[in-house]
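Encoded as structure tokens, the structure appears first; notes follow it.
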Amino acid sequence: MSSDSSSDDQPLARPNGHLSANKISRAEDAALDRSQPKKLSGMAGIAVHNGTVDDDMDLDAPNGIKRKSRSSISKVSYKDESDSDGEPLAKRPKSAAKFYDSDSDEPISKARAKKTSSSRAMPLADSSDDEKPLGVQLAKKKAAIEKKAASEAQAIQAREAKSAKSTPRKTIKDESDDEPLSKSSSKARQSNGASAKRKSNGVKKNESDSDTPISKKAKVKGKAVAPSKGKATASAKDAKKEKAKAREATEEEDEFEWWNAPKPEDDTIKWTTLEHNGVLFAPEYEPLPKNVKLIYDGKPITLSKEAEEVATFWASMMTAGSSHNLDNPVFRSNFFNDFSDFVKKHGATDREGNKIQIKSLDKCDFSKIRDYWAAKVEANKTKNLSKEEKEAAKAKKDALEAPYLYCTWDGRKQKVGNFRVEPPSLFRGRGEHPKTGRVKTRVYPEQITINIGKDAKVPEAPAGHKWKAVQHDQRATWLAMWQENINGAYKYVMLGAASDVKGQSDFKKFEKARELKKYIGKIRKDYKRELKSEIMADRQRATAMYLIDELALRAGNEKDTENEADTVGCCSLKYEHITLEPPDKVTFDFLGKDSIRYNETAHVEPQVFKNLKLFKKAPKTDGDDLFDRLTTSQLNKHLTSYMQGLTAKVFRTYNASYTMSTLLKELAADPRSKGTIAEKVKLYNDCNRKVAILCNHKRTVGASHEQQMQKMSDRIKGLRYQKWRNKKMILSLDPTQKKKKGATWFELDDDIDMDWIKEHQQFLIEEQRTKITKKFEKDNEKRKADKEKPFPDKELKERLQVIKEMESKFKKENKTNKVDPEGRGVSVEKCLKAIEKLDDRVKILETQADDREGNKEVALGTSKINYIDPRLTVVFSKKFDVPIEKFFSKTLRDKFKWAIKSVEDADDWEF
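Residues in the sequence shown are numbered from 1 upward in steps of one, following UniProt numbering.
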């Protein structure tokens, strides 16, 4: 397909520096062909990771309790830690060993002990290709998926053409023509918008570590609950719980299911009625005590309230782990310029009341302000407050936020997202932002525009203030808006991630990607043909489309202001941003979205390599545009000629979702699909990892990765040490076992020496001491709340007596190399069972370590949350009986409620 962009008299996209010729001559083309090396890597479309593409949000943080560094032994915990993309472990029975009754690292299932080598990470290509380099395997897999996509697109088009011929033309256009819905949604849609009855989908209301899929548990229907496995309800307490569950289920049925409702005729109107209470402003600044001063040139000075607040911004960063910013010359310069302006405008005086001008940041001593700030922060930390103080602080916070948490949108209660106005602070920015260090000024009501229904009560502005404007824009989804002073960007108060509006936005995004399935074959065929076009504009556009489709580059936006960070995307790449290395390697190095550096080397098709070489041809040099006859808007306009609403960013979503869909279909043959919950979760993560690799959703290895891996290694060694102790107990109980089992069975593992054992024993002692002390403090808090006399310190000393027993026990064991049996009713059989459980736990941790090592350069969260259609995850959860909470946290389950519910009756749903 061609477009107007191929016209010879087309105006130049960005007349900047040296420009490419309108056309490529045959002689020039032939010369470039001759210069191309014949030997190729066979890895077209695959990136070799060098840096960051997508840094993850706080959604990849561990679910479990973090195990702290051993440098602070008393705070260490052996509780299990797993990625949010993995699974929380099951609740675990206590070990038989007296000093190892921790609830950590218990196996999800005994079946893990039967795990074989086949349960290792799923190969990224067919076993017949195992001897080929990984990159070649990946390229082959990617090519196969693209070939399948082209065939599927052709089949869809053929079906639609056949359907169009056999179906009489209707005067009313079917609503699915505009935006295709899932088969389940189409079947479930009722004329009155009511939802069809649904089955359980594996989502539980309360958080639990249980590995039993909810679909296997008692199902709630109306107010009656079917007893599990025919057993009657055990007590009135259980009945009360079941009744509460039933009530929740009934309320859930009454929710408005917009994904099943008919599509409105005019979807530009977002709401009919809208009520809310405005925004919550940052608290007013509290001046420093009179004895806390800024020291300038060795002398204390008194700052005005406004200038003093800015000084506290700097001082607070000296203690908040952000001190590296204070050494940045750009940060320092920007801060000083703004700070000195505040001092000039609002004033500063010495002890005699004389006005002071601040001319040098180096002469400013913020140490007194820093010390005061640090003490204040420490005093306000939750851990330093009593139970009553914590409850009072929480109640005060809840009361303050309560009016702003929800709005009423078309008569339905919806949670508001960011209802707080950003407090003043120092701007940091991402990467090397030119405005880092500038003062983000306080936002006042006079800067804020409120958007609300005409008949709704307008929220009152704080006393003495008024809103900038009040409007009733039904096409807007924001509740309030203002312009910040740093970049002049507009900030909006929007509905929360779990709201209908946000859900509809996500739904449309993924439906748009599903629609692309119909056209992807033709689009790829066209741009690959145009890679050889004699028209420069067409060749540049085709090359950019290849990079966006194959390497997941963002299209990039044109810059309007010279003060913006120097960030670029595919269409705005410059000469210096790519380096070519024959035969087919291209290294990209530029600041991408949010000023995050994109430093990636990728293999490309020979024609693409040739084109990039052409686009860099002399006299082009640093600063010249690579795609000088293309802009993002021109590219998107061309894409709409294939499909209404198609833009470059849809390719990222389509590629991730289609790849995941293809991989999930191949899982039926994998033995792990019939294994334990842990194996199934690992199976899903392997597919997610492939998506991230094939779609180039990568990240830099985290600074703490090696430390985390070392901690996991220590935990595994600790469990193996426990196994050895149990074996030693068996010898103490029955010395004849040495002959039965063989002497080697009772030997300590080679990588565990006496120095490590002593360190580990000390860790266990301090861990137990911490547990006892915390339990004592908790008991005293409870007695205090019940108005009872707290336990005396003598009680704690008595409780800590067990620590001395542990110390002497370990000392004796190290000296005699014998372990006395411990625990109630200990026997050889019990020790053998304990060893079996420890084996299971070791295998689980080794699997998790494998998973984590495999994920160190892969942004699983980025793919799963932003690019993979959540309905694919839900279908996997249903099909393989894995609780959905193994993949989605509570926040994500709220965000993707539409996905969870819209396909719960659709076992055959496909992307």
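Quick reminder that beta carbons are idealized off the backbone N, C-alpha and C, glycines included. If you're wondering where the values come from, they're calculated on a predicted model, not measured in any experiment.
Nearest by alpha-carbon distance to F717: which of H760, P289, A743 is it? With the sequence shown as reference, residue 717 is identified as Lys, and Phe is not the correct amino acid for it. Ranking the options by Cα distance to K717, first place goes to H760.
Helix or strand or just coil, what does DSSP make of H18? coil
For I24, the residue or residues it bridges with in DSSP: DSSP lists no partner for I24.
With a 10 Å radius around its C-beta and 16 neighbouring C-beta atoms as the bar for buried, classify G569 as buried or exposed. buried
Should I269 go down as buried or exposed, given a rule of 16 or more other Cβ atoms within 10 Å for buried? exposed
As a quick exercise: from T736, K901, F810, N685, pick the residue whose alpha carbon is nearest that of L860. N685
Short of 7 Å in beta carbon distance, which residues of its chain neighbour L731, apart from the five on each side in sequence? Order them along the chain. Q737, K738, F746
How should M1 be labelled, buried or exposed, when 16 other C-beta atoms within 10 angstroms of its C-beta is the threshold for buried? Residue placement at M1 is poorly supported in this model, since its pLDDT is 46, which falls under 50; the coordinates are not used for a value here.
Contact with chain B by R725, beta-carbon distance below 8 Å: In the structure shown, chain B does not exist; there is a single protein chain.
For the stretch 311–329 against the stretch 444–457, are there 3 or more C-beta pairs whose distance is under 8 Å? Short answer: they don't touch.
What first and last residue would you give for the beta strand (DSSP E) that runs through E581? 578–581
Under the three-state DSSP convention, the category E432 falls into: coil
Between the C-alpha atoms of Y546 and G556, what's the straight-line distance to the nearest angstrom? 15 Å
I'd like to know whether the C-beta atoms of I765 and M729 end up nearer to each other than 8 Å. no
Per-residue DSSP class, three states only, for F419: coil
Can you tell me where the alpha helix (DSSP H) holding N761 begins and where it ends? First, the amino acid is wrong: residue 761 is Gln here, not Asn. Run containing Q761: 754–785, per the alpha helix (DSSP H) assignment.
Local conformation of K811 per DSSP, three classes: helix
For I900 and K413, I'd like the C-alpha separation in whole angstroms. 20 Å
Alpha-carbon to alpha-carbon, F507 and W898: 8 Å
Please determine if the stretch 459–466 and the stretch 429–438 are in contact, where contact requires at least 3 C-beta pairs separated by less than 8 Å. no
Of the choices K727, K789, A489, whose alpha-carbon is the least far from that of D839? Closest option to D839, judged by alpha-carbon separation, among K727, K789, A489: K727.
Taking the beta carbon of Y490 as the centre, do at least 16 other beta carbons fall within 10 Å, making it buried, or is it exposed? exposed
Helix, strand or coil for F896? Go by DSSP, reduced to three states. Three-state result, F896: coil.
Paired residues, beta bridge with Q483 - DSSP: Y490
Drop a sphere of 10 angstroms on the beta-carbon of S902, count the other beta-carbons inside from all chains shown, and report buried for 16 or more, exposed for fewer. buried
Measuring only the C-alpha atoms, how far is L280 from L426? 20 Å
Among residues of its own chain, excluding the 5 on either side of Q540, which ones have a beta-carbon nearer than 6 Å to its beta-carbon? F627, R629, L630
Is the separation between the beta-carbon of N418 and that of V493 shorter than 8 Å? yes
Report the residue from P583, R529, T587 whose alpha carbon sits nearest the alpha carbon of L553. The alpha carbon of L553 has as its nearest neighbour, out of P583, R529, T587, the alpha carbon of T587.
Answer with buried or exposed for K812, where buried requires no fewer than 16 other C-beta atoms within 10 angstroms of its C-beta. Counting Cβ neighbours within 10 Å, K812 comes out exposed, since fewer than 16 surround it.
Measure the C-alpha to C-alpha separation of N22 and A537 and round it to an integer number of angstroms. 7 Å
Closest to E795 by CA distance: which of R725, F776, R893 is it? F776
Same chain only: Cβ atoms within 7 Å of A544, ignoring 5 sequence neighbours per side: Cβ neighbours of A544 beyond the five flanking positions: C570, C571, F627, L630, L635.
Classify D338: buried if its beta carbon has 16 or more other beta carbons within 10 angstroms, exposed otherwise. Around the C-beta of D338, 16 or more other C-beta atoms lie within 10 Å, and the residue is accordingly described as buried.
Whole angstroms is fine: what's the gap from I865's alpha carbon to N688's? 11 Å
Any chance the stretch 326–333 sits against the stretch 369–384, with 3 or more Cβ pairs inside 8 Å? no
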